[in-house]
Amino acid sequence: MKRTIFILGSVVLCFGLVVAGGDQNMEKEKAAIQKVIEKAYVKGIHINRDPEAIRSGFHPEFNMLVLREDKITKVPIENWIAKIEESKKKNPEPSDVETTHNFSLVDITGDAAVAKIEIFRDSKHVFTDYMSLYKFDDGWKIVNKIFHHHK
């Protein structure tokens, strides 16, 4: 009987170590997702308007889905970048508006993830974004976005 308890205790201990290791890996993946979104989206689009940074985190097949008047329009990443570049040509000076963000959610299942990001400009809540990501050989990439614009 004592032998059985010892074996069972060892199995429970090993299982606990596997779960703890899984939690650590999950936290690494969440941090990697947050880093991609911060670099490509928050800084790349909202703060620095930097096409290279944007392309580093968005998949080339990315689409933003925009809802207006009960109709959905797809905006591919290259179209979005073109609008950002056009805006930057008209006004090359960096914005003096303080842009901050908050991750409300990062949820991962295997190679798929979703993130909910809140964007603030001068402390005013401007956007709530829902992003879908896939993990590729070279890391996490943003593949889709829907959003709510707070007015």
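Following the numbering used here, the numbering of the sequence shown begins with 3 at its first residue and continues without gaps.
From the three backbone atoms N, C-alpha and C, an ideal C-beta is built for every residue, glycine too.
| In three-state terms, what does DSSP make of residue 153? | coil
| field | Residue range of the beta strand (DSSP E) that includes residue 123 | value | 114-123
| query | In the structure shown, what three-state DSSP assignment does residue 6 receive? | reply | Because residue 6 sits at a pLDDT of 45, beneath the cut-off of 50, its placement in the model cannot be relied upon, and the following sentence gives the value as read from the coordinates. Reduced to three states, the DSSP call for residue 6 is helix.
| Relative to the C-alpha of residue 79, which residue among 94, 70, 63, 113 is closest? | 63
| query | Since residue 105 and residue 117 are thought to touch, with beta carbons under 8 Å apart, how far apart are those beta carbons, to the nearest angstrom? | reply | 6 Å
| task | Name the residue from 67, 141, 100 whose alpha carbon lies nearest to the alpha carbon of residue 151. | result | 67
| Close Cβ partners of residue 46 (< 6 Å) along its chain, the five nearest in sequence each way excluded | 52, 55, 56
| said: Counting C-beta neighbours from all protein chains within 10 Å, is the total for residue 127 16 or more, i.e. buried, or is it exposed? | reply: exposed
| Can you tell which of 135, 34, 85, 110 has the C-alpha that lies nearest to the C-alpha of residue 148? | 135
| Alpha carbon to alpha carbon, what distance is there between residue 28 and residue 86? | 33 Å
| Got a sec? Which residues, its chain only, sit under 8 Å from residue 36 by beta carbon, not counting five neighbours each side? | 105, 108, 117
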